[in-house]
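Report on one structure; see the data block that follows.
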C-alpha cells in the first residue's frame, strides 16, 4: 500500500516571517466575536468530516508531522527527554511504516518541546536530524516573573540551541485591556528570540471571552508572533474548537490586511486521533491547504502520538493494540 502526502516544502522555504507591525488600537477595538455563532460552526466540523481507509492513514501521518512532541512534567529528567527524542527520531513503529510503504517520506514530528533546563539535552539527543527543539520559556505556565528574568530565560534557551520559543503572556493584561503593555512585552520577547521563532501562548481558558481571545491574538500578531497558541496545557480549559475558530479567523483577517501568514497551535486536551483530524479539517476549511504544514500549524501533544499509532495499526490490520505496544518516554 502506498500513500501520497502532498509536499509543500517549497512554500515553507518561501514563507515570509512576521516582521511585526505598529500597534493599531483602532483595529483592536473593532474586534468582536459572537460565541453562539462560533459554537454552531464548531459543531459542524467533526460531523461533516469523513476521512476513511487509506485517506485517513495519510491524514494521520500528516498529523504526526504537525506535532510538537512534548514533555512538560514536574518530574521530567534528562533520561525521559532522551527517550522522547528517540521516539521523535522514529515516531511510528517500523513494521507499520513498512506496511504502508512510506519509509522514504522520513516522517518525524515538527519539534520536540521541553522546559528550558532540558534544551541542551534535547539538542544533543537530536543531533543529525532536522528536528528543532522548542523551549517553553518566560516563567511557564503563569508568566508572572519580572520581564527581565523572562527575557533572560529566552536568551538562555536560544543560546542552548532552541530554535523555537513558546512564551506565555500575562493574562491580566488582557483582562484589564492593557493592549499597549501586552504589545510591548511580546515585542521585547520577539527581539530576545532573535532567529528562533516565537509562539505566544494566550492561556485562552483564562481570558473570559472569545472577544478577549481574538483581541489578544491580534495584538500578539502585530507584535511579531510567528504562531499564536491556545494554552499551556495546565489550565482547566485548554484548546476548544470555538476558541480555535476565533483565533484562526483573526489569522485570516491579519493575512488579508498584511499579507503575512501566522501559524496556529492548539494545545492541551488533544489526545485522540479523531480530535486531531477534526482540527486539521478546521484548518483546511477556514485557512486552506497551505496551513496544513509544520511552519503554519502544530499540535501541542504528548499522548496523541500513541493513539495515532493505534489507529494506524487498526487501519492496516483491522485490530487495535494495547497502548503499551507503542513505546513513549
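Numbering (this note's numbering), first residue to last: 23 to 351.
Where a beta carbon is used, it is the ideal one built from N, C-alpha and C, also for glycine.
Could you check which residue in the options has the C-alpha nearest to that of residue i?
i, options, result
"residue 129", "114, 140 and 138", "114"
"residue 107", "126, 131 and 318", "131"
"residue 195", "189, 217, 161 and 234", "234"
"residue 268", "279, 112 and 308", "308"
Please state the DSSP three-state secondary structure of residue i.
i, result
"residue 27", "In this prediction, residue 27 has a pLDDT of 49, which is less than 50 and means its spatial position is unreliable; nothing more can be read from the coordinates."
"residue 189", "strand"
"residue 352", "Outside the displayed range of the chain (23 to 351) lies residue 352, so it cannot be described from this structure."
"residue 148", "coil"
"residue 342", "coil"
"residue 99", "coil"
"residue 206", "helix"
"residue 165", "coil"
"residue 196", "helix"
"residue 290", "coil"
"residue 53", "coil"
"residue 41", "coil"
"residue 334", "helix"
"residue 297", "helix"
Quick check: residue i and residue j, are their CB atoms within less than 8 Å of each other?
i, j, result
"residue 225", "residue 185", "no"
"residue 338", "residue 118", "yes"
"residue 176", "residue 187", "yes"
"residue 20", "residue 244", "The chain is shown from 23 up to 351; residue 20 falls before or after that span and cannot be answered."
"residue 292", "residue 321", "yes"
"residue 142", "residue 182", "yes"
"residue 190", "residue 160", "yes"
"residue 251", "residue 294", "no"
Bridge partners for residue i per DSSP, in chain order?
i, result
"residue 89", "321"
"residue 215", "Its beta-bridge partners do not exist; DSSP assigns none."
"residue 135", "92 and 156"
"residue 285", "249"
Between residue i and chain D, is the shortest Cβ-Cβ distance under 8 Å, so that the two count as touching?
i, result
"residue 102", "The chain labelled as chain D is not found in the depicted structure, where only one protein chain is given."
Query raised in the report: Touching or not, the region 42-49 and the region 286-300, by the rule of three or more beta carbon pairs under 8 Å?
Result: With a cut-off of 8 Å, the region 286-300 and the region 42-49 do not count as touching, because too few Cβ pairs lie within range.
Requested in this report: Say whether the region 146-154 touches the region 327-345, bearing in mind that this needs 3 or more beta-carbon pairs closer than 8 Å, one atom from each stretch.
Outcome: No: the two stretches stay apart, fewer than three of their Cβ pairs being nearer than 8 Å.
Query raised in the report: Can we say the region 76-91 touches the region 321-334, given the rule of at least three CB pairs closer than 8 Å?
Result: At 8 Å Cβ cutoff, the stretches touch.
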